[in-house]
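Report on the following structure.
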Amino acid sequence: MILRRTVFFVFVLLFAAAPAHAAAPLVENVRVLLGDESRKALPIENNRLALIRYYAGEDAEPLFVGTDRMRGLITRMLDAEYDGLDPTRYPVEFLEDLEVETDGASPERLAEIEAWFAAHFLMFAADIKVGRVLPRMVYPDLYMPRKEIDGDNVLRALRRFPDTDSFFDAWDPLNIEYDRLRGKLAEYIDIRHQGGWGTIDPGQDVAQGQTDPRIPALRARLDTEYGFEEPFGETDALDPELEKRLRVFQLHHDVPVTGHLDKPTLLALNVPVERRIEQIMLSMERLRWMPEELADRVLIANKGDGILRLLTPGGIEREWRILPNCPRDNLAIVADNLSSMTLNPRWEVPHDYVQTVLYPDLQQNPAIVEEQGFELLYQDVAMPLDAMPWRQIPKSTLTKQKDKFRFRLKPGFHNPYGRYVYRLNETDQAFLFDAPPDALSELCDPRLPKGAIAVVDGLDLMNVLAKHRLGPDDYLERTLARRETLTVPDVDRIPIMVVFQSAWMDADGNVRFSKDPYLEDLRLSKALDGKIKS
Numbered sequence: 003m004i005l006r007r008t009v010f011f012v013f014v015l016l017f018a019a020a021p022a023h024a025a026a027p028l029v030e031n032v033r034v035l036l037g038d039e040s041r042k043a044l045p046i047e048n049n050r051l052a053l054i055r056y057y058a059g060e061d062a063e064p065l066f067v068g069t070d071r072m073r074g075l076i077t078r079m080l081d082a083e084y085d086g087l088d089p090t091r092y093p094v095e096f097l098e099d100l101e102v103e104t105d106g107a108s109p110e111r112l113a114e115i116e117a118w119f120a121a122h123f124l125m126f127a128a129d130i131k132v133g134r135v136l137p138r139m140v141y142p143d144l145y146m147p148r149k150e151i152d153g154d155n156v157l158r159a160l161r162r163f164p165d166t167d168s169f170f171d172a173w174d175p176l177n178i179e180y181d182r183l184r185g186k187l188a189e190y191i192d193i194r195h196q197g198g199w200g201t202i203d204p205g206q207d208v209a210q211g212q213t214d215p216r217i218p219a220l221r222a223r224l225d226t227e228y229g230f231e232e233p234f235g236e237t238d239a240l241d242p243e244l245e246k247r248l249r250v251f252q253l254h255h256d257v258p259v260t261g262h263l264d265k266p267t268l269l270a271l272n273v274p275v276e277r278r279i280e281q282i283m284l285s286m287e288r289l290r291w292m293p294e295e296l297a298d299r300v301l302i303a304n305k306g307d308g309i310l311r312l313l314t315p316g317g318i319e320r321e322w323r324i325l326p327n328c329p330r331d332n333l334a335i336v337a338d339n340l341s342s343m344t345l346n347p348r349w350e351v352p353h354d355y356v357q358t359v360l361y362p363d364l365q366q367n368p369a370i371v372e373e374q375g376f377e378l379l380y381q382d383v384a385m386p387l388d389a390m391p392w393r394q395i396p397k398s399t400l401t402k403q404k405d406k407f408r409f410r411l412k413p414g415f416h417n418p419y420g421r422y423v424y425r426l427n428e429t430d431q432a433f434l435f436d437a438p439p440d441a442l443s444e445l446c447d448p449r450l451p452k453g454a455i456a457v458v459d460g461l462d463l464m465n466v467l468a469k470h471r472l473g474p475d476d477y478l479e480r481t482l483a484r485r486e487t488l489t490v491p492d493v494d495r496i497p498i499m500v501v502f503q504s505a506w507m508d509a510d511g512n513v514r515f516s517k518d519p520y521l522e523d524l525r526l527s528k529a530l531d532g533k534i535k536s
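Residue numbers (this note's numbering): 3 to 536.
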């Protein structure tokens, strides 16, 4: 009741400034409809304030009734999968009935129909721009600002376009990766409409020069996804040209690049086109959550393929391999800006680690803890570890006075940050750090938060992101050798995004697919399926 009264009060204030003669009769009736304090249907109620603000304007005009925009919105919803959305989630039949009903409807009913279409237009526009689900529903460890649309301005903007398609083409998220994925999505939807690509029977591995009765099916499968190419030589032989095409497929589908028709490649070939479409759609959904940064350079860490990319207007400028910390639990999605870069960082030891790991060792022998490089700051004053009577200090005292007892770890082998750490502006729970030299394919350091991302050989990133030259070519290496802690004073506060994508675009404009070992796509699919159609 409080919300409805607040909306009604805003309605009165807005309409007080709007002269009655300025609006068409349909707009006047919409104002009366929205000004009624009674609760409306959910789509209208959810967008009521935006609708009031638009239709209260002096220059307000009907947006749907009596225009081609009604059919345009319905058609766009029918083709929603080309926008990476599920068309079954939109009340197309209901809107079509309303469209038919406009012929001969009363002025009051026409106002209702106008409000229904405007409300569903705003909901569809929000799905495209900010996503269908709240990111925090899927990723509790979320570090990014929440995106919203300004419904009033969206409705005003619609008037400037000749049709709804023109509006939505301009309305897509400002993200080049999104645009490219959307283009590829259309190609895979067309493949599905043509019957997909079927499956290839299992069998023995086939290498270059060997023949196999499944080779024609392999050629047809690659032709479907990449376009037709004439066979070179025998049609049932894995010839050099077919091997090249197979290597390209393997590269694009997260399969070891062997050029052979082997078991991993066969499994990837037999993934149905519907799954590839789903992967692209889910990747587009995650990109909708991202801030629309208008920056010359952006860092995107994709946990799906384990690559950190530096993007510029010209494309991908640099790449580094990454290892998400504890990937089975690393559900962090991040959008923030770089705040600092530190060489030879000290690790501020969390209180839980002090209690569970350091405290027993301190009671046993403080010298062992000190040899590992740990330092004590008691009331912010550095003290030798053996200066405290640890055996007489109960663990509860450490908890009650944890602000007085601070521990940190010097740079060195035992430091979980390694040689460098790149911190973000708004959170301490997500950052980039140095991958341990023995880390191969997976990393899990319980001392670090779940949102941490290890960068393999990422020391040169410091030179890339520093606004000014740090020193001679070997400056960073010499500083590392001296174990001196250096915080770069002037850094490019570049946007940094950490996402999981099982489908993405590479530097050559090809769509790439990866496996989903930690079921992140499944988690998002379940959240999308749980959203009830309004």
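Backbone N, C-alpha and C fix where the C-beta goes; we use that ideal spot for every residue, glycine too.
Boundaries of the alpha helix (DSSP H) harbouring residue 129: 109 to 132, taken from the DSSP string. Fully enclosed alpha helix (DSSP H) runs of no fewer than 4 residues occupy 166 to 173, 178 to 195, 217 to 228 of the region 158 to 242, in order along the chain. Taken through DSSP and simplified to helix, strand or coil, residue 344 comes out as strand.
Under the 10 Å beta carbon count, residue 381 is surrounded by fewer than 16 other beta carbons and is classified as exposed. Measuring C-alpha to C-alpha distances from residue 31 to each of 469, 110, 183 identifies 110 as the nearest.
Out of 339, 264, 309, the CA that lies nearest to the CA of residue 293 is found in 339.
Cα atoms of residue 432 and residue 93: separation of roughly 40 Å, rounded to the nearest angstrom.
Residue 63 sits in coil when the DSSP states are folded into three classes, being neither helix nor strand. Along the length of the region 425 to 508, whole alpha helix (DSSP H) runs at least 4 residues long occupy 463 to 467, 477 to 483, reported in chain order. In chain order, 293, 337 place their CB closer than 8 Å to the CB of residue 147, counting only its own chain and leaving out the 5 sequence neighbours on each side. In this structure, the straight-line span from the alpha carbon of residue 522 to that of residue 501 is close to 11 Å. The C-beta separation of residue 248 from residue 212 comes to about 12 Å, leaving the pair out of contact by the 8 Å criterion. The region 338 to 357 makes contact with the region 401 to 417: 3 or more CB pairs, one atom from each, lie closer than 8 Å.
When secondary structure is reduced to three states using DSSP, residue 48 falls in the helix class. Residue 402 counts as exposed, since fewer than 16 other beta carbons sit within 10 angstroms of its beta carbon.
When the beta-carbon positions are compared, residue 302 and residue 507 stay at least 9 Å from each other.
One Cα belongs to residue 43, the other to residue 121, and the distance between them is close to 10 Å. Just so you know, the alpha carbons of residue 442 and residue 80 end up roughly 46 Å apart. Sorting 513, 471, 478, 483 by C-alpha distance to the C-alpha of residue 493 places 471 at the top.
The Cβ atoms of residue 516 and residue 284 lie no closer than 9 Å to each other. According to the DSSP assignment, residue 37 belongs to no beta strand (DSSP E) but to the alpha helix (DSSP H) extending over 27 to 37. Per the DSSP secondary-structure output, residue 384 pairs in a beta bridge with 379. The DSSP assignment places complete beta strand (DSSP E) segments of no fewer than 3 residues inside the region 394 to 426 at 407 to 411, 422 to 426, in order along the chain. Apart from sequence neighbours up to five positions away, the residues of its chain that approach residue 272 with a beta-carbon distance below 8 Å are 201, 202, ordered along the chain. For residue 267, no beta strand (DSSP E) segment is defined; the enclosing uninterrupted segment is the alpha helix (DSSP H) at 265 to 271. Judged by their CB atoms, residue 153 and residue 52 are nearer to each other than the 9 Å cut-off. Counting along the chain, the unbroken alpha helix (DSSP H) around residue 137 starts and ends at 137 to 140. At a Cβ-Cβ threshold of 9 Å, residue 83 and residue 28 do not count as neighbours. Between the alpha carbons of residue 132 and residue 490 lies a distance of about 35 Å.
In the DSSP annotation of this structure, residue 309 is not part of any alpha helix (DSSP H); the continuous beta strand (DSSP E) holding it starts and ends at 309 to 314. Taking the CA atoms as reference points, residue 50 sits about 33 Å from residue 178. Sequence-distant partners of residue 210 (beyond 5 residues in either direction) whose C-beta falls short of 7 Å from its own C-beta, in its chain, are 240, 242, 245, 261. The criterion of a C-beta distance shorter than 9 Å is not satisfied by residue 264 and residue 181.
Around the CB of residue 195, fewer than 16 other CB atoms lie within 10 Å, so the residue is classed as exposed. With respect to residue 324, residue 305 sits close: the two C-beta atoms are nearer than 9 Å. In summary, residue 228 is exposed, with fewer than 16 beta-carbon neighbours lying within 10 Å of its beta-carbon over all protein chains present.
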